[in-house]
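First residue of the sequence shown? That's 35 in our numbering, and the numbers climb one at a time after it. Ideal Cβ positions, reconstructed from N, Cα and C, are used throughout, including at glycine. As the structure is a prediction and not an experimental result, all values here were calculated from the model.
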Amino acid sequence: MIASTQYLYTLAIVLPLFILYNKWRATRSLSSVPTIGPSAPILSYIGAFRFVHHAVEMLNEGYQKYKGGMFKIAQLDRWLVIVTSPELIEELRKLPEDAVNFMQAAADTIETRYTFGPVVHYDPFFVGITQAHLTKHLDDIFPEIQEEVMVAFNDLISNVTEEWTQVPALSVAQQVVSRASSRTFVGLPMCRHPGYIGLSVKHALDVTNTRKTLGWFPGMTRYFVTLFTNESQKTVRLAKQYLSPTINERLAAMKELGANWDDKPADMLQWIIEEALARNYDLDVIVQTVLMINFVSIHNTSNSFTHALYHLAAQPEFLVPLREELTSVISEEGLTKAAMSKMRKLDSFLRESQRMNGTGIVHLFRKTFKDVTLSNGVTVPADSYLGTPLLSIQHDEELYPNPEVFDPWRFSNMREGASAEGVKYQYVTTSPEYLAFGHGRHACPGRFFAANEIKTMLCHVILNYDVKFENEGVLFRKRHV
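Okay, structure coming up:
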């Protein structure tokens with residue numbers, strides 16, 4: 035007992051000193067980079083705590099003061115270095131993986147070692163699956179997405195009649211996205227199981243809440259914090275109860291019939307099982323990986339759809355030109371993936387919504403594995419974070435005229451007469467000026483899947499309902515068709 039007490043006292047003294055030493059060392063290396071907030075090792079914690087609640091304001095302040103250069107903002111245990119010029123953004127994008135790493139920066143942000151498990155944190159093999167299989171099979175799985183979106187909306191807002199009815203927009207979006215994504219990830223009937231869908235949505239919220247809580251604590255103390263606050267591991271155990279029978283059934287079929295058999299599923303779960311087996315991972319890792327993909331899908335896709343729906347409800351006059359385009363294209367093509375690529379107004383509407391609202395506040399996020407010297411002569415020390423201020427760039431009036439005005443046809447107008455260059459204004463296309471999906475080799479690999487899912491959801495709403503805002507809520511009304 036005495037030894038344990040002495041150990042805790044020693045830890046309580048040594049740990050803060052160690053953190054302060056690392057912060058002092060990093061501060062010296064970055065002394066030439068201006069700071070938003072105090073820069074002294076101890077006083078910098080004022081800026082770190084401010085960033086938790088006022089991140090957008092601090093990033094905008096830095097962008098306005100140091101546009102074209104770089105600045106830094108304190109985190110609890112390291113510095114976040116922000117680059118703003120197109121040249122530095124391109125340089126950041128091209129830095130080698132052994133110097134800066136996107137996956138570990140993202141994993142640190144989501145705290146995947148605690149919210150999903152160490153394998154998902156250190157070996158995120160689901161990214162390769164998304165790149166190799168999900169986008170490749172998009173034509174095949176699109177009809178299933180379309181069907182599930184329709185069924186999910188009909189189930190979730192069945193109370194909507196020809197009278198105006200308030201709808202909990204974000205909650206409905208989360209459930210529709212979870213069901214449509216799960217149709218591709220785990221298939222029928224699990225994608226319609228209320229318990230599994232509820233668990234998937236809850237887990238996405240639990241991860242977000244755990245991440246926020248851990249953000250208040252230095253890195254080396256977070257393990258102890260999760261012992262009391264982390265709901266995510268409990269969710270993994272519950273998810274196993276839902277997924278284990280299907281996984282074991284597929285494992286048995288693979289053992290008996292080999293790599294291929296009649297009616298072998300072509301879904302995310304099957305691809306995860308095959309890759310996990312190749313890496314000698316167990317059932318827990320398969321379930322954790324499914325939950326990880328669920329989280330990414332539910333969190334970003336439902337937010338992006340909800341933002342677009344809010345814009346539509348705030349300015350319902352945009353419904354008419356959108357309906358005209360959808361009706362025209364569908365009459366010729368049907369509601370297919372190919373038809374989606376011809377809906378330029380819809381594509382522009384979504385890109386403009388994502389330009390205004392973003393999908394986060396810092397993108398091109400990287401963690402330095404070693405000291406990195408940039409072309410401007412600044413050396414960023416190892417174990418720092420690098421990134422770009424997403425919303426500041428996408429609200430820059432030099433890049434986007436009238437950036438605070440929602441212009442739904444901003445990008446479709448840019449595409450008119452642009453020939454080959456028109457591709458760069460499409461919803462899923464990234465650039466140093468449009469970073470909502472990231473940029474470069476680490477641009478979101480699931481953005482093509484997500485874009486088609488969001489478009490299908492918005493198509494369903496536009497064709498079947500009128501929408502408007504009233505008393506800060508979104509109201510739906512069935513259309514006379």
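Helix, strand or coil at His429 [DSSP, three-state]: coil
How would you label Ala118, buried or exposed, when you count the other beta carbons within 10 angstroms and need 16 or more for buried? Here residue 118 is Thr; the residue named in the question, Ala, does not match the sequence. That one is buried.
Between the beta-carbon of Phe219 and the beta-carbon of Asn391, is there less than 8 angstroms? no
Report the three-state DSSP secondary structure of Met377 (helix, strand or coil). coil
Measuring alpha carbon to alpha carbon, tell me which residue in Glu181, Glu290, Val259 and Gln98 is nearest Lys371. Glu181
Enumerate in chain order the residues of its own chain whose CB-to-CB distance from Gln109 is below 6 angstroms, with the five nearest sequence positions on each side excluded. Ala82
Specify, as a first and last residue, the run of the beta strand (DSSP E) that Pro423 falls within. Tyr419 to Pro423
Going along the chain, which residues of its own chain have a beta-carbon closer than 6 angstroms to the beta-carbon of Thr164, five neighbours each way excluded? Pro479 and Gly480
Answer with buried or exposed for Asn282, where buried requires no fewer than 16 other C-beta atoms within 10 angstroms of its C-beta. exposed
Would a check of beta-carbon distances place Trp250 closer than 8 angstroms to chain C? Annotation note: the requested chain C is absent from the structure, which comprises a single protein chain.
Cα-Cα separation between Trp58 and Tyr79, rounded to whole angstroms: At Trp58, the pLDDT of 49 sits below 50, so the modelled position is not reliable; the number obtained from the coordinates is stated separately. Going by the C-alpha atoms only, they are around 12 angstroms apart.
Helix, strand or coil at Met35 [DSSP, three-state]: A caution first: Met35 carries a pLDDT of 47, below 50, which makes its placement in the model unreliable, though a value can still be read off. Residue state, collapsed to three classes: coil.
Whose C-alpha, out of Ile306, Trp113 and Leu509, is nearest the C-alpha of Ser73? Trp113
Buried or exposed for Trp295, please, with buried defined as at least 16 other CB atoms from any protein chain shown within 10 angstroms of its CB. exposed
So for Ala312, helix, strand or coil by DSSP? helix
Can you look up Lys404 in the DSSP assignment and give me helix, strand or coil? coil
Please list the segments of the alpha helix (DSSP H) lying wholly inside the segment 101-141, counting only runs of 4 or more residues, in order along the chain. 120-128
Locate the beta strand (DSSP E) running through Lys274, then write down its first and last residues. No beta strand (DSSP E) contains Lys274, which is instead part of the alpha helix (DSSP H) from Ser266 to Leu291.
Using a Cβ distance threshold of 8 angstroms, determine whether the segment 179-193 contacts the segment 203-210, with at least three qualifying pairs required. yes
Is it true that the segment 360-369 meets the segment 271-289, where meeting means three or more beta-carbon pairs spaced less than 8 angstroms apart? no
Lys170 versus Phe510, Glu487, Leu497 and Phe482, residue with shortest Cα-Cα distance: Phe482
The segment 299-317 contacting the segment 401-413, beta-carbon criterion three pairs below 8 angstroms: no
So which of Gln267, Asn505, Arg84 and Asn486 has the shortest CA-CA distance to Asp173? Asn486
Exposure label - Met374; buried when at least 16 CB within 10 Å: buried
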